[in-house]
Each structure stands twice: as C-alpha cells, then as structure tokens.
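Asks:
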Amino acid sequence: MSASPLNCTLDLEAPGKQFGVLQLPRSSNQSGWSTLWIPIVSVANGEGPTALVLGGVHGDEPEGQIAALNLARELQPEQVSGRVVVIPCLSPEASRAYTRLWPSGANLNRSFPGSPTGPPDEQLAHYLSTELFPLADVVVDVHSGGRTGLCLPWSEMHWVEDAEQRRRMADGMLAWNADWCCVYIDIAGTGLLVGEAERQGKIVVSTELGGGGHVTAAIHRLARSGLANVLRHFGMLEGEVETRDSLGLPPQTLLMATEADNYLLAPVSGLWETLVDLGQRVDAGEVVGRMHSLERPELDPEPVVARTDGVVCVIRAIATTDQGDNVVVVAREADRSELD
Ligand SMILES: [Zn+2]
Numbered sequence: 010m011s012a013s014p015l016n017c018t019l020d021l022e023a024p025g026k027q028f029g030v031l032q033l034p035r036s037s038n039q040s041g042w043s044t045l046w047i048p049i050v051s052v053a054n055g056e057g058p059t060a061l062v063l064g065g066v067h068g069d070e071p072e073g074q075i076a077a078l079n080l081a082r083e084l085q086p087e088q089v090s091g092r093v094v095v096i097p098c099l100s101p102e103a104s105r106a107y108t109r110l111w112p113s114g115a116n117l118n119r120s121f122p123g124s125p126t127g128p129p130d131e132q133l134a135h136y137l138s139t140e141l142f143p144l145a146d147v148v149v150d151v152h153s154g155g156r157t158g159l160c161l162p163w164s165e166m167h168w169v170e171d172a173e174q175r176r177r178m179a180d181g182m183l184a185w186n187a188d189w190c191c192v193y194i195d196i197a198g199t200g201l202l203v204g205e206a207e208r209q210g211k212i213v214v215s216t217e218l219g220g221g222g223h224v225t226a227a228i229h230r231l232a233r234s235g236l237a238n239v240l241r242h243f244g245m246l247e248g249e250v251e252t253r254d255s256l257g258l259p260p261q262t263l264l265m266a267t268e269a270d271n272y273l274l275a276p277v278s279g280l281w282e283t284l285v286d287l288g289q290r291v292d293a294g295e296v297v298g299r300m301h302s303l304e305r306p307e308l309d310p311e312p313v314v315a316r317t318d319g320v321v322c323v324i325r326a327i328a329t330t331d332q333g334d335n336v337v338v339v340a341r342e343a344d345r346s347e348l349d
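Residue numbering for the sequence shown follows the numbering used here, starting at 10 and increasing by one per position.
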C-alpha cells in the first residue's frame, strides 16, 4: 500500500511536550489547494508504553473532545512514563457543524482501515491505521450517544477472541470507574476505528458517555477522571490508580449487549415516544415505547417491544424517527467472570 498523503508536523519520537497538526489534503470551492488541520499533541518522557487518546470521531460528541483538550493542555512530561499522544478532535469540520458525520457525508467510524487513495476520511483512517496505531499500546476512543442517542454513561469494549487482549481491555474498561460498563456488537456496519485497533492487537478502551445533545457537569467530570485513571492504570500517567472501592462507590454494573435482540428498531417511521427511562429493568414482551403517525392520527401507535429481559441502556433522544432506526437497547446484566 502506498504512503500516506497526510503530513504530521510533530516528531513523535522526540521527548517532551509538542503541539502540532496533521495536515490532510483537501480541495474545495473556497480553496483549490488546501489542507485540513487536525491538532495533535505528544507528551513523552523516557521509557514506557504509548497511549493514543482520540476524541471527536463524531462531531456531535463533545464529551471526549473537551476531556482530551483538558488533558492535552495540562499534561506535563514529568507526569508521564512513556508517551501520551492526544488528538482531541479527529473530525473538526463535523464538530464545527455539531453533526455526527463529516460535511461530505462520511462517517469516520466506518472508514477503517482506510486507504491512501480514497476520499479524505479514508486517508485519515489509513494514517491512523498505518502510522499511529502501530506506535500505541493502548488506544482510547471517547464517544457518546451524540445528538440522537441517550446512553447510560458507560465505558465499553467489543468481545475480542484473544483472551489476554480481552482481559486487559476489560481491566481498562473497568478503570474508567463509570457506574456502567458495556460489552457490545456492531449493528450498523463495519470499518470502526476500534475494530482496526483491536485487529492490530491493541488494548482498546472506549466509552458512550451520555449524549442526547446535552452534556452535564457530572459527565464532563466522568470523562476527565475516567480518562486520567485509565492512563494511570496502564502506567503512562503518574499517581495512585483509583478504584470504585477507593472512591467509596459500589461495584460497577456490567452489561452485555452482544445479541441482535438487544437492539430494538423502529418498525415504522413516525414520532418516537419512549415509555421507559435509562437504567430501568424491563422484561421480554414489555412495551418500551411507541411510534406515532402524524399522517394517520386515527391509527393506534405502533408498539416497540423488548425481546429480552434486561436494563434499558440506550434510548433514542430525538422523536422524529425513520423505520429501522435504533430506538432502545436492552442489555443483559453480566458478571465480570464472563469476560475471562
Ligand atoms: Zn460516536
């Protein structure tokens, strides 16, 4: 595969703290010869592992972007053993528009492993896959439900087949110290950033921190504290690792959303009415919400029925809904030993 067309202005092998940019070629009606600048920060100090911290894969998820900006600004080399590379926002144009997708319609989280000769999102994905993931021991990718989804704030992981990788990912997921953790599957396509990093054997830690177009102070605190504790847990950041116990909190609830039946889809288009709240326990067969037809007010609303027992962990945040959109996720409560 040919070399990346991206230029990184940092020397990622150099010690100390550096601010730079990734320059992604683009050509637009406003400027025929242009580059999209994506800020990147490296903080390196001596021997040790490398963490790659990523925010803003999706532009309508500010939680991770702000936590990564705070980390990048505050982190000093003397606090680090090894290297922490931070890209606060991988999709700056989408962030500016406060949209999930790039203005081109690309979903960066479906662009992996990418291509050096594809459209710009694939070129960026290719650079991450071939230049940045190989440097990293740990990849942290902070997401939320964005504008359209409201998630219980959780840290998450895919089920990966390699038992040692799975164990280390589970420990990283738990180190976020959120009240909830979730093991999930991809129901809406392939080409995810985390999937490529996992394929390369990396320890991948991800999150869905709330969402719904609104970020509370508690969520900002959780994004910031969880990110720092994950870096402490893996040894890149100085300081005592915090646990749920040391924080005076009860054990986390581990959720499994690894079956297609966990993901409930709208049977018809219309206005979505939820009948459940986040964290609520439901039984299989229970009506969790209804789809209303604005065009046919004489019709009874179409029920959406839980197919499994479990905990409501995602609710669609906006009412206007198309047939096939995910409206609720019901996850099964699980024990940590299931991940061994
Ligand atoms: Zn996302």
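C-beta atoms are modelled at their ideal positions from N, C-alpha and C, and glycine is treated no differently.
Assuming Phe121 and Ala134 are in contact, meaning their beta carbons sit under 8 Å apart, how far apart are those beta carbons, in whole angstroms?
Replies: Contact between Phe121 and Ala134 holds, with the beta-carbon distance rounding to 5 Å and staying under 8 Å.
Asks: Assuming Leu159 and Gly219 make a contact with CB atoms under 8 Å, what is their CB distance in whole Å?
Replies: In this structure Leu159 touches Gly219 by the C-beta definition: roughly 7 Å separates them, less than 8 Å.
Asks: Under a three-way DSSP split, which group does Phe28 fall into?
Replies: In the structure shown, the three-state DSSP call for Phe28 is strand.
Asks: In the DSSP output, which residue or residues are listed as bridge partners for Ser215?
Replies: Asp150 and Glu165
Asks: Alpha carbons only, please: which of Pro259, Pro112 and Pro312 is nearest the one belonging to Leu280?
Replies: Pro312
Asks: Taking Arg105 as the reference, give the member of Gly65, Arg253 and Pro128 with the closest Cα.
Replies: Gly65
Asks: Beta carbon of Asn335: closer than 7 Å to some heavy atom of ligand 1?
Replies: no
Asks: Do Glu70 and ligand 1 come close, with the Cβ less than 7 Å from some heavy atom?
Replies: yes
Asks: Exposed or buried, which one is Tyr107 when buried takes at least 16 other CB atoms within 10 Å?
Replies: exposed
Asks: Compare the C-alpha of Ala76 against each of Leu99, Leu202, Arg177 and Leu236 and name the closest.
Replies: Ranking the options by Cα distance to Ala76, first place goes to Leu236.
Asks: Could you check which residue in Asn116, Gly29, Leu144 and Gly154 has the C-alpha nearest to that of Asn335?
Replies: Gly154
Asks: Within 10 angstroms of its Cβ, does Pro129 collect 16 or more other Cβ (buried), or is it exposed?
Replies: buried
Asks: Taking the alpha carbon of Ala269 as the reference point, which residue from Ala226, Pro97 and Val338 has its own alpha carbon closest?
Replies: Val338
Asks: Roughly how many whole angstroms lie between the Cα atoms of Thr262 and Tyr193?
Replies: Approximately 14 Å between the Cα atoms of the pair.
Asks: Under 7 Å Cβ to Cβ from Arg1, same chain only, skipping five residues before and after it: list those, please.
Replies: Only positions 10 to 349 of the chain appear in the structure, and residue 1 is not among them; the question remains open.
Asks: Is the Cβ-Cβ distance between Ala53 and Val30 less than 8 Å?
Replies: no
Asks: Could you tell me how far apart the beta carbons of Val239 and Trp189 are, in whole angstroms, since I believe they sit closer than 8 Å?
Replies: Actually they do not touch by this definition, with Cβ atoms about 16 Å apart.
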